[in-house]
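In what follows, a structure is listed as structure tokens, so that the remarks can point back to it.
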Amino acid sequence: MGRLVQIRDVPEPVHRTLKARAAQSGSSLSEYLRTELARLAALPTPDEVRARLQQRAPARVRERPETVIRLSREGRR
């Protein structure tokens, strides 16, 4: 069984927008918010992304940056 989440003092324009979006998707406001919260929770935060990137091994670059830029520019001609 899920947990109860209550949010107070939601500004009227925000409530109106969320209610309209729920109606457009054919959902109740509760269903819409539950889906959006699950989607939001599934996304990593910027700090989580940074931490993952710091744990990765550095990429091995085969070409010097100058070479890559030169080859890229030559390909445009």
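The sequence shown stops at residue 1186 when you use the numbering used here, and every number in between is there.
We treat Cβ as the ideally placed atom computed from N, Cα and C, and that holds for glycine.
| Query | Result |
| --- | --- |
| For alanine 1131, which residues from the same chain have a beta carbon less than 8 Å from its beta carbon, with the 5 sequence-adjacent residues on both sides left out? | Ser1137, Leu1138, Glu1140, Tyr1141, Leu1142 |
| Please state the DSSP three-state secondary structure of alanine 1150. | helix |
| Check for me: the alpha helix (DSSP H) holding aspartate 1156 runs from which residue to which? | 1155 to 1164 |
| Expressed to the nearest angstrom, what Euclidean distance is found between the alpha-carbon atoms of glutamate 1175 and arginine 1182? | 11 Å |
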